[in-house]
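S.K.:
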Amino acid sequence: MNNLPYKGNVAQHKSSASHADDDAMVTPIMTNWNNRLVRALQLAVVVLFMTFTPILSQAKASAETAQTQEQQSDEEPDNIIDYAIQQIQQDNPETEEEDPTRPLLAENELTGEFNEAYYVLNTLNSGLPALSTPPNLETPLATLEFFNSASMQKDFALAAYALNLNLLPEADQKNEAAELAEKLDYLMTEKSLYAFDELPDRSDGLIEPSLGTDSPVHGVPRRSIKLGSIDYKNRSVPLYLERVRVGEQAPVWVFSSQSVANINALYDMHKPADFERFLPKAMTTKVWGVSVWEVLTLFLFMLATMGIGYLISIGVTKLVSLYSDVIIKRTKTDQLSLRSKGLTDLLTKITVPLTVTLSFSMMFALVSGSLPRVDAIATSTRAFIWLCLVVSGLWLGVRIINFFANRYQDYHIDSLSEEEFNTQRIRMTYVSIFRRIFIFVMVLGGMWIGLAEFTDLEGLGTTLLTSAGIAGAIIGIAAQPTLGNIIAGFQVAITQPIRIGDTIFVDGIWCEVEDLRYTYAVLKTWDDRRLIVPMKYFVTEVLENWSHTSGHQSTAVYLYVDYGADIEAIQKKFFELALAHELWDEEMEPEMKVTAVDKDSITLRGKVSADGPLNAWYLECDIRKQMLDYLNEEHRDYLPTDRITYAPRS
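First residue of the sequence shown: 1, per UniProt numbering; consecutive thereafter.
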């Protein structure tokens, strides 16, 4: 019983061993098939992935492109009204701006070696691919023609080889070159800088001197040539061609690296407006480089700013006037003075020129691109608007100077016959002369500032002042009388041989100095006529000034009596009348002397004094009349007469 199980176990063990051997043989076979199947599946997946991935990517890209185009079509305005609404809704759009310090931090590849014929570089446009046939850049004219021809063919990538791109990183040169060339072509076309006739066709940039020329650049080799300038905000940015050489290669002419670095900023200011495509063709037509719509915009902007400025000025004037009225009502009538409404009068005087000046200031900011979030328009009119701004500023300045000068005269000089007669006349003379001097200097400065904005005329003033040629001599001779009188006016203001209010004798004519101008003086005669006398007369000729040091003046009264007249009685009467007269100034005692005799009469000269030339003349006339009445009544027999003596007959 016990062996049966054992035997059975042995048999069972053998059977199990045989099955185990079979399983051991089947397992590697199945594992091998599984591995093959897995590899096949992996290969199939890879093939499917490689097959469908491009298709899916293209489909996705097409879908995204369609979606983007749909969004752009939805966002793209159909007319100018939709465009304006879109611009208003875009509040502070975030735009990626170019780092302005990038050109400053870049290497320009200059070796530091000086050569008066060209700039020595290590490399030139190393980021651009080499051309099989190099462009012709041997002369300034060849470079400009190459750039213009390539731009006309819209091959801006080729035109970029005329630019010095060394201030751009080497990795960015290829990507940005064509765009920079296109922008530069637009700027040069708009600003008429394709000056083919002015560029030399010589490799050394030398201009052959013509007969009689005195230009400093003629006959001199150059390594840099200025093509012109383009306005940018508050300054002008020049564009240069420069001659460069790399290693042992032949020198070439290219647009300078700094000019290339300024292209983006200049283009952003002068580029065409986006909404121009919605305007009629007639509105985009250019007249003297300015579009019709820009002219209309400037005109409407000027009207709007003038209207707003005028309303503000009127409002401020009204408020100040109301405030002054309140102050005046609180002040007693006898305490009112010329200062009561001074501020109101000033605002009234300067309202119009101040409004015009503010309007032109805003217009200049508009054309200069200085207004926030507003692109510059009509930039070519910047110089003209600047000139208008200077003129309006001069107008405002002259108004202010004249107001305060007149205010000073009205307040300090009420009458020229007061006790402080001499001091007041000095003040009046200073105010009259120096007011005009200040205005004259301000006008000269305004002319210089106004012309300085014109880049082609910025050296005009210096040229005229330093020129020693025939034209300078002719201008100097022609302007000599005017300049001489202006300088004489300065002398009169400083030395004061005459002052306003002085009584002078000019060519035997009694006159009073009424006004002193730039080049002449206005003299008022005793019969209310006006003499216009050049200023040079008062510094070169001898004249009588009866009130130069003080207003006090003595005058003479001449009487002619017979030899038999009672001189003492006549003197006594003269003293009595002079001392009792109201015009006598009590500074000098009256006196009478016998100054001359002739065969028919005795000459008596009486002397009296008054506080001024005019009162002295009135006193002289009055005393003379009273003395003639006295002589006619008391000494009729001793008035000068012609005696006839009859000789006895023999």
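The beta-carbon is built from N, C-alpha and C at its ideal position, and this holds for glycine as well.
Just the Cα atoms here: how many angstroms apart are tyrosine 430 and isoleucine 263?
M.R.: Distance between the alpha carbons of tyrosine 430 and isoleucine 263 is about 54 Å.
S.K.: From threonine 348 to leucine 354, what distance separates their C-alpha atoms?
M.R.: Computed Cα separation, rounded: 10 Å.
S.K.: Looking at the strands, I want to know which residues DSSP matches up with serine 229.
M.R.: According to DSSP, serine 229 bridges with Pro238.
S.K.: Pull up the CB-CB distance for arginine 243 and tyrosine 161, whole angstroms please, since I reckon it's below 8 Å.
M.R.: In fact, because the Cβ distance is near 15 Å, the residues do not count as touching under 8 Å.
S.K.: Would you mind sorting glycine 501 into buried or exposed? The rule is 16 or more other CB atoms within 10 Å of its CB.
M.R.: Buried: at least 16 other Cβ atoms inside 10 Å.
S.K.: What separation, rounded to the nearest whole angstrom, lies between the Cα atoms of isoleucine 433 and phenylalanine 403?
M.R.: Going from the Cα of isoleucine 433 to the Cα of phenylalanine 403 covers about 15 Å.
S.K.: With a threshold of 16 other CB atoms inside 10 Å of the CB of lysine 191, please say whether the residue is buried or exposed.
M.R.: That one is buried.
S.K.: May I ask which residues mark the beginning and end of the beta strand (DSSP E) holding phenylalanine 255?
M.R.: Note, phenylalanine 255: beta strand (DSSP E), 252-255.
S.K.: Quick check on the DSSP output: the beta strand (DSSP E) that includes leucine 523 runs from which residue to which?
M.R.: Run containing leucine 523: 520-525, per the beta strand (DSSP E) assignment.
S.K.: Express the C-alpha separation of asparagine 615 and isoleucine 570 in angstroms, rounding to a whole number.
M.R.: Rounded to whole angstroms, isoleucine 570 to asparagine 615 spans 24 Å at the Cα level.
S.K.: Hey, would you say leucine 266 sits closer than 8 Å to isoleucine 230, going by beta carbons?
M.R.: The answer is yes: Cβ separation under 8 Å.
S.K.: Could you name the residues of the same chain whose beta carbon sits closer than 6 Å to that of proline 497, not counting the 5 residues immediately before and after it, in chain order?
M.R.: Same-chain partners within the cutoff: Phe538.
S.K.: Less than 8 Å separating the beta-carbons of valine 506 and leucine 523?
M.R.: Yes. Within cutoff.
S.K.: Would glycine 397 and serine 359 be called neighbours here (beta carbons separated by less than 8 Å)?
M.R.: Not in contact: glycine 397 and serine 359 (Cβ atoms no closer than 8 Å).
S.K.: Could you please give the first and the last residue of the uninterrupted beta strand (DSSP E) stretch that includes tyrosine 560?
M.R.: It spans 553-561 - the beta strand (DSSP E) in which tyrosine 560 sits, taken as one unbroken run.
S.K.: Just confirm the distance between the C-beta atoms of leucine 165 and alanine 177, as a whole number of angstroms; I'd bet it's less than 8 Å.
M.R.: Correct: roughly 6 Å between the Cβ atoms.
S.K.: What does phenylalanine 505 pair with, by DSSP beta-bridge criteria?
M.R.: Looking at the DSSP assignment, phenylalanine 505 forms a beta bridge with Trp510 and Glu544.
S.K.: Alpha carbon to alpha carbon, how far is tyrosine 518 from aspartate 622? Give it in angstroms, no decimals.
M.R.: If I take the Cα positions, the gap works out to 39 Å.
S.K.: Taking the straight line between their C-alpha atoms, what separation do you get for residue 651 and arginine 435?
M.R.: What the structure shows of the chain is the stretch from 1 to 650, and residue 651 is not part of that stretch, so it cannot be assessed.
S.K.: Counting only the same chain and skipping the five closest in sequence on each side, list residues whose C-beta sits under 7 Å from that of lysine 593.
M.R.: Here the set comprises Arg605.
S.K.: Check whether the Cβ atoms of leucine 128 and lysine 174 sit closer than 8 Å, and answer yes or no.
M.R.: Yes, these two residues count as a Cβ contact at 8 Å.
S.K.: Would aspartate 152 be called buried (16 or more neighbouring beta carbons within 10 Å of its own) or exposed?
M.R.: In the sequence under discussion, the amino acid at residue 152 is methionine, which differs from the aspartate named in the question. Exposed: under 16 other Cβ atoms inside 10 Å.
S.K.: Could you round the C-beta distance between valine 557 and isoleucine 602 to whole angstroms and report it? I think they count as a contact, below 8 Å.
M.R.: Going by Cβ atoms, the distance from valine 557 to isoleucine 602 rounds to 15 Å, so no, they are not a contact pair.
S.K.: Could you please give me the residues that DSSP links to glutamate 591 through a beta bridge?
M.R.: The partner list for glutamate 591 (beta bridge, DSSP) reads Lys607.
S.K.: Who are the Cβ neighbours of threonine 317 in its own chain at under 8 Å, not counting the five residues just before and after it?
M.R.: Closer than 8 Å at the Cβ level, and outside the excluded window around threonine 317, lie Thr344, Leu347, Thr348 and Thr351.
S.K.: Determine the direct distance from the alpha carbon of alanine 405 to that of aspartate 528, and round the result to whole angstroms.
M.R.: If you take the alpha carbons of aspartate 528 and alanine 405, they lie about 25 Å apart.
S.K.: Just list the residues that DSSP pairs proline 129 with in beta bridges.
M.R.: Paired residues: none, contrary to the question.
S.K.: According to DSSP, is tyrosine 119 part of a helix, a strand, or is it coil?
M.R.: In this structure, tyrosine 119 counts as strand in the three-state DSSP scheme.
S.K.: For asparagine 485, count neighbouring C-beta atoms within 10 Å of its own C-beta (all shown protein chains included) and say buried if the count is 16 or more, exposed if not.
M.R.: It is buried - the Cβ of asparagine 485 has at least 16 other Cβ atoms within 10 Å.
S.K.: For glutamate 182 versus phenylalanine 156, is the C-beta distance shorter than 8 Å?
M.R.: Yes, the pair counts as a contact, with Cβ atoms nearer than the cut-off.
S.K.: Leaving out the 5 sequence neighbours to the left and right, which residues in its chain are closer than 8 Å to threonine 555 when beta-carbon positions are compared?
M.R.: So the qualifying residues of the chain are Lys607, Val608, Ser609, Ala610, Ala616, Trp617, Leu619 and Glu620.
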